[in-house]
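This report concerns only the one structure given below.
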Amino acid sequence: MSRLQRVAGRDPRAGFRAERRDCTTSVPQGLLKAARRSGQLNLSGRNLSEVPQCVWRINVDIPEEANQNLSFSSAERWWEQTDLTKLIISNNKLQSLTDDLRLLPALTVLDIHDNQLTSLPSALRELENLQKLNVSHNKLKMLPEEITNLKNLKGLYLQHNELTCIPEGFEQLSNLEDLVSCDFLILYYCGWWDFFIRLRNVI
Numbered sequence: 104m105s106r107l108q109r110v111a112g113r114d115p116r117a118g119f120r121a122e123r124r125d126c127t128t129s130v131p132q133g134l135l136k137a138a139r140r141s142g143q144l145n146l147s148g149r150n151l152s153e154v155p156q157c158v159w160r161i162n163v164d165i166p167e168e169a170n171q172n173l174s175f176s177s178a179e180r181w182w183e184q185t186d187l188t189k190l191i192i193s194n195n196k197l198q199s200l201t202d203d204l205r206l207l208p209a210l211t212v213l214d215i216h217d218n219q220l221t222s223l224p225s226a227l228r229e230l231e232n233l234q235k236l237n238v239s240h241n242k243l244k245m246l247p248e249e250i251t252n253l254k255n256l257k258g259l260y261l262q263h264n265e266l267t268c269i270p271e272g273f274e275q276l277s278n279l280e281d282l283v284s285c286d287f288l289i290l291y292y293c294g295w296w297d298f299f300i301r302l303r304n305v306i
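For the sequence shown, the positions run 104 to 306 when my numbering is used.
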């Protein structure tokens with residue numbers, strides 16, 4: 104069941120206004136509509152300097168097509184949507200992500216490589232279903248402590264950043280199998296070397 108079906112007590116017009124304002128030029132409505140069906144959204148290479156609000160709220164706000172489709176017999180019932188599980192926003196110009204990331208708790212894949220990120224939001228901790236996180240080719244100097252809450256994380260891609268240390272509690276990522284990082288001296292100096300040599304694939 105989509106979270107849309109569990110949302111109550113809000114102004115439905117707010118969703119229409121937000122989507123028209125934020126997504127008219129940056130994200131085609133057809134792409135959002137397809138993402139609600141498939142649970143996957145690819146926004147790579149769109150020259151985005153920020154993630155449009157309607158992307159974060161894709162499973163929260165009532166979609167625009169609700170105005171045109173009110174038929175219970177329609178093959179495309181807008182209220183029968185899939186929670187977003189895969190979000191790709193690589194190869195853009197993002198400098199930060201907002202805590203609205205928490206509005207996508209069903210994500211299993213988050214690919215934000217090749218941007219200009221200097222930090223990650225604390226809301227990352229709420230992505231409890233996340234299995235793959237690609238933050239390579241950014242400008243990250245550190246990882247948030249909240250990353251240690253991602254107990255289902257299997258793949259973490261850190262290469263080509265400016266990391267100086269790894270947060271405490273990293274060994275709690277018991278399902279982590281693949282780790283890609285350019286500078287393994289960081290792992291040694293931070294005391295996590297014994298943990299990392301137990302991983303299936305370390306590059």
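For glycine and all other residues, C-beta sits at the position ideal for the given N, C-alpha and C.
Can residue i and residue j be called in contact, C-beta distance under 7 Å?
{"i": "Leu-187", "j": "Leu-207", "result": "yes"}
{"i": "Leu-282", "j": "Leu-253", "result": "no"}
{"i": "Pro-247", "j": "Ser-225", "result": "yes"}
{"i": "Asn-237", "j": "Asp-217", "result": "no"}
{"i": "Thr-185", "j": "Gly-142", "result": "yes"}
{"i": "Lys-244", "j": "Glu-265", "result": "yes"}
{"i": "Gln-219", "j": "Thr-251", "result": "no"}
{"i": "Leu-190", "j": "Leu-151", "result": "no"}
Work out the CA separation of residue j and residue i for me, nearest whole Å.
{"i": "Gly-148", "j": "Ile-192", "result": "8 Å"}
{"i": "Leu-200", "j": "Leu-227", "result": "10 Å"}
{"i": "Phe-273", "j": "Asn-195", "result": "28 Å"}
{"i": "Leu-88", "j": "Tyr-260", "result": "As displayed, the chain neither begins before 104 nor continues past 306, which places residue 88 out of reach and without an answer."}
{"i": "Val-163", "j": "Thr-221", "result": "28 Å"}
{"i": "Lys-257", "j": "Arg-140", "result": "25 Å"}
{"i": "Pro-155", "j": "Glu-229", "result": "20 Å"}
{"i": "Ala-137", "j": "Ser-284", "result": "34 Å"}
{"i": "Leu-204", "j": "Cys-157", "result": "11 Å"}
{"i": "Gln-262", "j": "Pro-131", "result": "31 Å"}
{"i": "Leu-135", "j": "Cys-268", "result": "37 Å"}
{"i": "Asn-255", "j": "Gly-133", "result": "31 Å"}
{"i": "Leu-197", "j": "Glu-249", "result": "20 Å"}
{"i": "Asp-202", "j": "Glu-183", "result": "26 Å"}
{"i": "His-240", "j": "Arg-160", "result": "26 Å"}
Which residue marks the beginning of the beta strand (DSSP E) containing residue i, and which one marks its end?
{"i": "Lys-235", "result": "235-237"}
{"i": "Leu-207", "result": "Unbroken run through Leu-207: none, as it is neither H nor E."}
{"i": "Leu-259", "result": "258-260"}
{"i": "Gly-282", "result": "Contrary to the premise, residue 282 reads as Leu rather than Gly in this sequence. Residues 281-283."}
Could you pull the start and end residues of the alpha helix (DSSP H) that residue i belongs to?
{"i": "Leu-134", "result": "132-141"}
{"i": "Val-158", "result": "156-159"}
What does residue i pair with, by DSSP beta-bridge criteria?
{"i": "Glu-163", "result": "Rather than Glu, the amino acid found at residue 163 in this sequence is Val. The partner list for Val-163 (beta bridge, DSSP) is empty, contrary to what the question assumes."}
{"i": "Asn-145", "result": "Ile-191"}
{"i": "Leu-213", "result": "Leu-190, Leu-236"}
So is the beta-carbon of residue i under 6 Å away from any non-hydrogen atom of the ligand GDP?
{"i": "Cys-268", "result": "Among the components of this structure there are no ligands whatsoever, and the ligand GDP is therefore not found."}
Indicate whether at least one CB of chain D lies closer than 7 Å to the CB of residue i.
{"i": "Gln-234", "result": "You won't find chain D in this structure, because it holds only one protein chain."}
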